[in-house]
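Working notes, beginning with the structure itself.
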Amino acid sequence: MDPKENLLRAIHYADPAWVPHAGEDFRVTVQFDGNFCRRDWTDGWGVGWRVTLAEYVPFPKVNPLPSLEQLADYRLPNPSDLTVGEEMRAVLARPDRERLYITGQLTYLLFERAWALMGMDACLMAFHTHPQEMHALLSAITDYNMAVFARYLELGVDAIGFSEDLGTQRALMMSPQTFRTFLLPQYARCFAPVLAAGVAVHFHSCGCITDIVADLAGIGVTVLNPVQARANDLARVKRDAVAGGMALQGGIDSHLLVMGTPEEVRRETLRVLRVLGPGGGYILGPDQGMLWPEENYCAMLEVVERYGRYPLDLPAA
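Now the structure itself:
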């Protein structure tokens, strides 16, 4: 089978031939013009993004909705203002389109969009001080996201993806109860049309989100990434993902990839394969995107290419 079919089999637990992994060249991400820029800019929401160091991506520094008492006067952008640019058009028109797995990307989904509008402290406080207004804001953001995703569906993407960091290194940024009350119902509403169309939902959240993996699987999320190795209980994440039919992507410790030796990377890659690889439902790769020492990145790929064929036959720990 070709790599795209193998990936689809892997994310749906349908007997893949090998563990899909970073380095395979058929996965492509596209985005609408106006979704994100790598420079100082102000987006359609009125959020001011600023580059603080030359090597960094911009970060929200200007928050146009610092208090939900101003919600009635705030106007959301029109999703139709996002446009199909030349780069995106070229990808969708490629002659080898059928072999590609194309993901339509949206920067900042729901919680991240809310705190970008309000500032982190004000957003987290508002769950408790202005619950009715917070429900209204999150519902309006979800309406916008659904309209953007509908446009991606019209363009024939294979998946939709987005950023939605919910965790710190040690725990969620909010209680699981708050998550389930405010965010989870909106996620379910947002993803339902995508999943009904047979398009995959790739949910990105850094940090410790072990406590809500089962919730995300329960609403049909197709793939969870990046499964940050030092922040999560990988065995529990795998168990809860399998129970809900959700695949996992990532899991290889990026700190070790940067600071370790090739042999340490090989051992870690084998360890993660033992935990996350059995039964399918796993795409191997780093748990963050950054620059790697070439010898360490190659060591990771060597392990998955040598030992990542199903049924897995891994050397003893």
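The sequence shown begins at 3 in our numbering and counts up by one. All residues carry an ideal CB built from backbone N, CA and C; glycine is no exception.
Original post:
So L286 is in the beta strand (DSSP E); what residue range does that whole segment cover?
Top reply: Counting along the chain, the beta strand (DSSP E) containing L286 begins and ends at Y284 to P288.
**OP:** Could you please give the first and the last residue of the uninterrupted alpha helix (DSSP H) stretch that includes R91?
**Re:** Taken as a continuous stretch (DSSP letters only), the alpha helix (DSSP H) holding R91 covers E88 to L94.
**OP:** For G281, I'd like the list of residues in its chain whose CB is within less than 8 Å of its CB, leaving aside the five on either flank, ordered along the chain.
**Re:** When the five nearest sequence neighbours on each side are left out, the beta carbons in the same chain lying within less than 8 Å of the beta carbon of G281 are those of Y15 and V244, in order along the chain.
Subject >> Inter-residue spacing [alpha-carbon to alpha-carbon] between H257 and V229 >> reply: Spanning the two alpha carbons is a distance of roughly 13 Å.
Subject >> Cβ neighbours of E26 in the same chain (closer than 6 Å, five flanking residues each side left out) >> reply: Here E26 has P5 as same chain residues with Cβ atoms under 6 Å from its own Cβ, once five neighbours each way along the sequence are excluded.
Original post:
When DSSP builds the beta bridges, which residues end up paired with V150?
Top reply: Beta-bridge pairing links V150 to no other residue.
Original post:
Is the distance from the Cβ of Y309 to the Cβ of L272 below 8 Å?
Top reply: Cβ distance < 8 Å, so Y309 and L272 count as in contact.
Original post:
Which term fits V59, buried or exposed, when burial requires 16 or more other beta carbons within 10 angstroms of its beta carbon?
Top reply: Burial call: exposed.
Original post:
In the DSSP assignment, what residue or residues form a beta bridge with W20?
Top reply: DSSP, once it has assigned bridges, lists R311 as partnering W20.
Original post:
Can you name, in chain order, every residue of its own chain whose Cβ lies under 7 Å from the Cβ of T170, other than the five neighbours on each side?
Top reply: Once the five neighbours on either side are set aside, the close Cβ partners of T170 are G209 and C210.
Subject >> Opening and closing residue of the beta strand (DSSP E) in which R52 lies >> reply: DSSP places R52 inside the beta strand (DSSP E), whose first and last residues are G50 to R52.
**OP:** Please say whether N37 and T109 have beta carbons closer to each other than 8 Å?
**Re:** Yes.
Original post:
Is H137 helix, strand or coil when you go by DSSP?
Top reply: Of the three classes helix, strand and coil, the one that applies to H137 here is helix, per DSSP.
Subject >> Coarse secondary structure for R40, derived from DSSP in three states >> reply: Under the three-state reduction of DSSP output, R40 falls in the coil class, being neither helix nor strand.
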